[in-house]
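For reference, the structure discussed in these notes is given below.
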Amino acid sequence: MGFCLLNNIAVTAAHLADRGERVLIVDWDAHHGNGTQDIFYNDGRVSYVSLHQWPLYPGTGRLEERGAGDGEGATLNLPMPPGADGDAYRAAIDEVLVPLAAAFAPTWLLLSAGFDGHRADPLTDLNLSAGDYADLTGRVAALVPPGRRIAFLEGGYDLHALATSAGASVAALAGETWLPEPRTVGRVGDHVVAAAKQALRLNE
Numbered sequence: 000m001g002f003c004l005l006n007n008i009a010v011t012a013a014h015l016a017d018r019g020e021r022v023l024i025v026d027w028d029a030h031h032g033n034g035t036q037d038i039f040y041n042d043g044r045v046s047y048v049s050l051h052q053w054p055l056y057p058g059t060g061r062l063e064e065r066g067a068g069d070g071e072g073a074t075l076n077l078p079m080p081p082g083a084d085g086d087a088y089r090a091a092i093d094e095v096l097v098p099l100a101a102a103f104a105p106t107w108l109l110l111s112a113g114f115d116g117h118r119a120d121p122l123t124d125l126n127l128s129a130g131d132y133a134d135l136t137g138r139v140a141a142l143v144p145p146g147r148r149i150a151f152l153e154g155g156y157d158l159h160a161l162a163t164s165a166g167a168s169v170a171a172l173a174g175e176t177w178l179p180e181p182r183t184v185g186r187v188g189d190h191v192v193a194a195a196k197q198a199l200r201l202n203e
């Protein structure tokens with residue numbers, strides 16, 4: 000239900016999983032990746048973690064959607080409220096994604112690098128900056144060894160915000176720090192992080 004005809008990240012994840020890899024998909028596009036989630040919802044070889052605005056099109060990605068069958072517990076959604084900022088996203092990575100990844104033990108990271116969560120984006124209401132995307136990229140890249148990370152460019156509808164955010168993210172993937180904008184603060188969205196931590200504890 001997005002703007003893509005082919006789900007490139009799902010094709011890549013399926014290929015890697017068929018080779019015996021354990022694949023972590025991190026999706027911070029502002030719109031929930033319902034197609035990616037559906038493809039791997041019953042597949043325990045692929046863990047899908049999405050941080051997205053809620054409510055927002057396509058209306059999927061509730062916290063309660065956690066996978067089924069062999070994939071039960073491998074899906075995690077963090078539906079962030081309008082105005083969610085970099086502090087809340089950093090907390091989601093550090094306090095939710097890092098423990099999940101430690102338990103899942105991924106051998107590959109695939110990043111759905113959407114930048115439509117930038118505060119200048121005309122289609123969404125999140126409050127992220129290019130500086131935040133630098134931090135987020137560095138944190139998730141550390142979850143797997145070098146050479147096992149692939150980022151896929153996703154949404155972003157303000158061209159300047161897209162350029163600076165993508166540049167900051169690519170720099171972080173290369174081990175460099177480039178902050179074309181300050182980080183955002185405020186912890187709007189902390190309640191979602193707390194609920195996700197509770198959900199993980201319930202599934203231990």
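As numbered in numbering that gives the first Met the number 0, residues 0 to 203 make up the sequence shown, in order.
Note that the Cβ used here is the ideal one computed from N, Cα and C, for glycine as well.
Just so we're clear, the structure is a prediction, and the values are computed from it rather than from any experiment.
Can you tell which of the options has the C-alpha that lies nearest to the C-alpha of residue i?
i, options, result
"Asp26", "Ile8, Asn41, Glu20, Ala170", "Ile8"
"Val59", "Asn41, Thr35, Gly70", "The residue asked about is misnamed: residue 59 is Thr in this sequence, not Val. The candidate whose alpha carbon is nearest that of Thr59 is Thr35."
"Glu71", "Leu161, Leu172, His190, Arg44", "Arg44"
"Met0", "Ala13, Gly137, Asn33", "Asn33"
"Ala129", "Trp177, Pro144, Asp42, Ala16", "Trp177"
"Glu175", "Ala12, Ala67, Arg138", "Arg138"
Given a cut-off of 8 Å, decide if residue j and residue i are closer than it, judged by their beta-carbon atoms.
i, j, result
"Leu77", "Ser46", "no"
"Leu55", "Thr123", "yes"
"Asp84", "Leu127", "yes"
"Ala133", "Ser168", "yes"
"Leu172", "Arg147", "no"
"Leu110", "Ala170", "no"
"Asp86", "Gly185", "yes"
"Asp28", "His51", "yes"
"Val192", "Ala91", "yes"
"Arg182", "Asp115", "no"
With burial defined as no fewer than 16 other Cβ atoms inside 10 Å of the residue's Cβ, what is the status of residue i: buried or exposed?
i, result
"Leu158", "exposed"
"Met79", "buried"
"Glu180", "buried"
"Leu142", "buried"
"Gln197", "exposed"
"Phe39", "buried"
"Ala102", "exposed"
"Val10", "exposed"
"Arg89", "buried"
Could you check how far apart the C-beta atoms of residue i and residue j are, in whole angstroms? I think they sit under 8 Å.
i, j, result
"Gly166", "Gly113", "Not really, about 15 Å apart at Cβ, beyond 8 Å."
"Leu108", "Ala160", "Not really, about 24 Å apart at Cβ, beyond 8 Å."
"Pro105", "Leu23", "4 Å"
"Leu62", "Ala194", "6 Å"
"Pro210", "Leu125", "Nothing about residue 210 can be reported from this structure: the residues present for the chain run from 0 to 203 only."
- Task: May I have a chain-ordered list of the alpha helix (DSSP H) segments no shorter than 4 residues that lie completely inside the segment 104-131?
- Result: none
- Task: Could you name each continuous alpha helix (DSSP H) segment of 4 residues or more that falls completely within the segment 7-86, going from the start of the chain to the end?
- Result: 7-17, 33-39
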